[in-house]
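S.K.: Numbering (this note's numbering), first residue to last: 7 to 235. We put the CB at the ideal spot given by N, CA and C, even for glycine. Computed from a predicted model, the values in this text were never measured in an experiment. Before anything else, here's the structure in question.
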């Protein structure tokens, strides 16, 4: 089942997510809906516990069951994602040392993994190019995550998402663990990358100033069961 050709690039309708069973079943997201045009940066703002990161994880295929509709590039997506989806949609996590960077793997191996999974060639060249794109030089190739600053680790996490040349980045509080000065550097980098690569962003954050710096439109996620777009 597909949408019309002029439908939004990303379209979420009546998305509800629950956990648990029986009396212990809790609905953490109820009837969320928003759309994102190709090349647009859209932000979800809300306090801790409102379900915004849960929405992001559901769209990324990290939550096995949800209700509602998620259309991507005109195609209705089920709860499971295939390799073709992940080739086009990548996620950048809040805390890369624990969420996405293996502590015992050097930067070049972290980046090479994604290329191997998707069968992409010219790997050394791609790794050098993407490191340069995020502001890291060749000297970072053989460093481990613990040898990097918080900002450098986040740049590696962004590079890992970018290296397979996706269309969409799902950004889960990408600067919340960083110092204010480093936050500004990462946000400016994300702005440049979106413009240069025509990327589409879905960013979630509790900080309106952060979202406003990146996003053209913003939706608010309110704790319990209310949604306002």
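#1: Let me know the beta strand (DSSP E) ranges lying completely inside the segment 89–125, each 3 residues or longer, listed in chain order.
#2: I'd like to confirm something about residue 160: is its beta-carbon nearer than 7 Å to some heavy atom of the ligand COA, or not?
#3: Which one of 172, 187 and 186 has the shortest CA to CA distance from residue 200?
#4: Residue 130 lies in the alpha helix (DSSP H); which residues open and close that run?
#5: Along the alpha helix (DSSP H) that carries residue 214, what are the first and last residues, could you check?
#6: To the nearest angstrom, report how far apart residue 215 and residue 38 are at their CA atoms.
#7: Can you grab the Cα-Cα spacing for the pair residue 116 / residue 166, in whole Å?
#8: Taking C-alpha atoms, which residue in 60, 28 and 82 lies nearest to residue 19?
#9: Which value, in whole angstroms, describes the spacing of the CA atoms of residue 109 and residue 224?
#10: Excluding the five sequence neighbours on either side, which residues of its own chain have a C-beta within less than 6 Å of the C-beta of residue 142, listed in chain order?
#11: Is residue 167 helix, strand or coil by DSSP?
#12: Starting from residue 51, follow its DSSP beta bridges and name the residues at the other end.
#13: Assign residue 27 to one of three DSSP states: helix, strand, or coil.
#14: Helix, strand or coil: which one does DSSP assign to residue 196?
#15: Under the three-state reduction of DSSP, which class applies to residue 78: helix, strand or coil?
#16: Given a threshold of 16 other Cβ atoms within 10 Å of its Cβ, counted over all protein chains shown, does residue 17 qualify as buried or as exposed?
#17: If we ignore side chains and look at the alpha-carbon of each, how far apart do residue 213 and residue 174 end up?
#18: If you measure between the beta carbons of residue 147 and residue 100, is that distance less than 8 Å?
M.R.: In short, the structure shows the following:
#1: Within the segment 89–125, the runs of beta strand (DSSP E) that reach at least 3 residues and sit entirely inside it are, in chain order, 95–98.
#2: Absence of the ligand COA is noted for the structure shown, with no ligands found whatsoever.
#3: 172
#4: 129–139
#5: 214–220
#6: 22 Å
#7: 7 Å
#8: Considering only alpha carbons, the answer is 82.
#9: 35 Å
#10: 161
#11: helix
#12: 211 and 226
#13: Reduced to three states, the DSSP call for residue 27 is coil.
#14: helix
#15: strand
#16: Counting Cβ neighbours within 10 Å, residue 17 comes out buried, since at least 16 surround it.
#17: 21 Å
#18: In this structure, residue 100 does not lie closer than 8 Å to residue 147 by Cβ.
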